[in-house]
Amino acid sequence: MRYRRLFETARDGILLLNAITAEIEDANPFLTELLGYSHAELLGKKLWEVGAFADVAESREKFSELQTRGYVRYDDLPLRTRSGAKIPVEFVSNTYDCAGVTVIQCNIRDISARKRADEKINELAFFDPLTRLPNRTLLLDRLQQALIVGSRSASYGAVLFLDLDHFKTLNDTLGHDMGDLQLQQVAQRLTDCVREGDTVARLGGDEFVVVLESLHTHPREAANQAQDVGEKILASLNQPYTLGAAEYRSTASIGATLFCGASLSIEDLLKQADLAMYKTKELGRNGLQFFDPAMQTAIIERAALENELRLAIAEGQFVLHYQAQVVGDGRTMGAEVLVRWQHPVRGLMAPGDFVPLAEEAGLILSLGQWVLQAACAQLAQWADSPKFQHLKLAVNVSAHQFRRPDFVEQVLAALERSGANPHRLRLELTESLLIDNVPSVIEKMFTLKAKGVCFSLDDFGTGYSSLSYLKRMPLDELKIDRSFVRDILSDHQDASIAKTIIALTQSLGLNVIAEGVEIEAQRDFLTAAGCHAYQGFLFSRPLPLASFERYAHRALECDTLQ
Ligand code: C2E
Ligand code: MG
Ligand code: MG
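Residue numbers (this note's numbering): 1 to 562.
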């Protein structure tokens with residue numbers, strides 16, 4: 001009886017289970033209260049009927065573990081109460097024989113208060129109490145992890161060292177409470193500017209550090225990404241703060257440095273970013289400087305080029321060049337239009353030097369639309385000329401452009417406005433388009449196809465090609481990439497890839513064209529393999545309109561003379 005009193009008053013839960021039937025033989029008041037059932041409700045129920053563990057299946061599983069192992073101990077197990085809440089408990093069970101019945105006795109200790117205390121200690125040790133951001137200790141730890149991960153993946157990371165401009169003045173004039181308020185709002189804004197896996201830490205005072213991970217594997221690209229995040233941060237910190245009744249504006253200075261693996265120590269990285277931050281302060285604050293001067297120059301050049309590109313689009317500084325696409329006997333079927341930037345200072349620029357930037361800066365949409373309209377206008381003009389009315393034009397479409405919800409409307413509008421025949425327009429898509437949302441890509445293609453527009457898959461074989469997509473897309477043509485044609489005579493693998501592509505188009509009922517054909521032997525190889533359409537310097541380089549027309553006309557004359 002003395003022990004019964006212990007059972008009744010214990011500050012731990014005690015549960016007695018029948019080891020054979022899993023029925024609850026007894027439960028003390030502490031446990032019934034913890035679980036939210038009355039004693040009568042529990043008695044005679046099987047363990048899984050009260051759902052003490054995650055669900056019925058888990059409760060059954062736990063029971064058989066208790067049954068077979070006898071002594072079982074869990075340091076931290078979630079116990080589910082009647083209301084569905086989960087309480088962390090320490091759980092110990094043992095099996096006894098009691099008056100001919102085998103009983104499993106479970107001792108269940110509520111450890112939620114202890115866990116809360118642990119969390120609090122953890123928070124005090126690793127987090128800044130004012131902003132709840134990681135403190136210096138945790139920052140160093142995260143940075144160490146980032147260096148290890150970076151060296152495994154070869155991708156760059158960046159450290160941004162950030163200091164608020166004139167924070168001391170705010171503290172001195174509006175008081176420390178307002179200063180604290182601003183720091184909290186800065187912390188929130190910084191967190192909103194970065195991705196989930198990135199770290200935002202407060203070093204102390206008005207100094208913050210942002211660690212960006214998994215950036216590009218090329219340092220220039222990684223620097224561009226870091227610059228973009230830095231600019232986003234500066235723009236966000238430039239927004240007014242509400243401090244009590246007052247609205248307050250301020251700026252920040254950022255210093256940045258890149259890292260890739262553990263080539264530098266954490267201390268050196270932070271020192272570099274700190275030095276770069278001082279450079280920003282010297283240059284007038286409210287900006288971002290990289291520690292590496294070469295990186296800084298590259299960033300400045302890119303920013304300048306981006307501005308120039310915006311202007312070029314507004315002012316129409318682009319021209320189209322036309323590269324002939326010919327069939328076996330030398331007849332010109334049409335041309336691929338290739339855009340060139342007539343830069344006022346740098347001269348004629350190839351797309352490789354500005355299309356990637358246009359894509360990054362979101363300018364490809366207007367550039368692409370201009371190319372499309374110009375090509376349609378040209379088709380419409382040729383329609384009245386007996387010499388050129390048979391020509392088709394192939395237009396490159398960037399994946400960004402195609403993904404726009406109104407892409408189909410844009411193409412149809414360009415056709416309608418110009419009056420061009422849709423059957424003469426071919427859109428060149430790349431495999432990068434097929435990385436996501438294939439059904440929507442296919443749907444758009446079908447809509448345009450129904451109007452007569454043709455499709456070619458450019459640079460085929462270099463990207464992510466899935467044969468099942470090929471079957472589902474309303475394609476007309478595959479384009480064998482230049483890289484396979486280049487070494488077709490010397491490299492067995494390239495030769496067999498080219499042959500395989502040709503065989504594939506034959507079995508799928510598609511046309512095939514080889515690009516980058518520079519010498520006759522390459523053309524002859526392709527002809528022997530069954531490819532009868534070509535594009536390349538052997539026939540013509542990309543040419544301005546007048547030269548292309550002369551070329552196409554000459555080819556036509558040769559053809560009629562033969
Ligand atoms: P692409 O669509 O694969 O275009 C073919 C590229 O190969 C062109 O370079 C062309 O000049 C080059 N080429 C053609 N034949 C030969 C040859 O026999 N030998 C060699 N070595 N090269 C040859 P380009 O004009 O510099 O264009 C490069 C890329 O820029 C194009 O690759 C295309 O992806 C992109 N591009 C060009 N114009 C546009 C456009 O209007 N919009 C978009 N989104 N991209 C464009
Ligand atoms: Mg192309
Ligand atoms: Mg190509």
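We put the beta carbon where it would ideally sit given N, CA and C, even for glycine.
Asked                                                                                                                      : Found
For T564, three-class secondary structure by DSSP                                                                          : The question about residue 564 has no answer, for the chain in this structure spans 1 to 562.
Beta-carbon contacts of R550 that lie in its chain and below 7 Å, excluding the five residues immediately before and after : none
Any non-hydrogen atom of ligand 3 closer than 7 Å to R482 Cβ                                                               : yes
Simplified DSSP state of Y534, which is helix, strand or coil                                                              : strand
A414 beta carbon near ligand 1 (any heavy atom closer than 7 Å)                                                            : no
Heavy atom of ligand 1 within 7 Å of Q323 beta-carbon                                                                      : yes
Member of D491, D228, I111, L133 whose CA lies at the smallest distance from the CA of K86                                 : I111
C-beta atoms of G179 and F167 nearer than 8 Å                                                                              : yes
Beta-carbon gap between L190 and V210 smaller than 8 Å                                                                     : yes
First through last residue of the beta strand (DSSP E) which encompasses S93                                               : 86–98
Selection from L270, N135, L140, E61 that minimises the alpha carbon distance to G204                                      : N135
Distance cut-off 7 Å: E428 Cβ against heavy atoms of ligand 2                                                              : yes
Neighbourhood of Q562 by C-beta, 7 Å cutoff - its chain only, sequence neighbours within 5 removed                         : Any reading at Q562 is ruled out, since the residue's pLDDT is 46, under 50, leaving its predicted position unreliable.
Assigned exposure category for Q493 - 16 Cβ within 10 Å defines buried                                                     : exposed
D197 versus C106: straight-line alpha-carbon distance, rounded                                                             : The question names Asp, yet the displayed sequence has Gly at residue 197. In a straight line, the C-alpha of G197 is about 41 Å away from that of C106.
Residues near G530 by beta carbon distance below 7 Å, same chain, minus five either side                                   : I502, Q506
Cβ-based neighbour list, Q373, same chain, cut-off 8 Å, excluding 5 preceding and 5 following                              : A414, R417, S418
Residue range of the beta strand (DSSP E) that includes F460                                                               : 454–460
D487: CB within 7 Å of a non-hydrogen atom of ligand 3                                                                     : no
C-alpha distance - L36 paired with R132, whole-angstrom precision                                                          : For the sequence presented, residue 36 should be read as Gly rather than Leu. Spanning the two alpha carbons is a distance of roughly 35 Å.
For A450, three-class secondary structure by DSSP                                                                          : helix
Where the alpha helix (DSSP H) through C260 begins and ends                                                                : Per DSSP, C260 belongs to no alpha helix (DSSP H) and is neither H nor E.
According to DSSP, residues forming a beta bridge with S253                                                                : D163
For K444, the nearest candidate out of A399, L467, G284 (CA to CA)                                                         : A399
Straight-line Cα distance separating A552 from T527                                                                        : 21 Å
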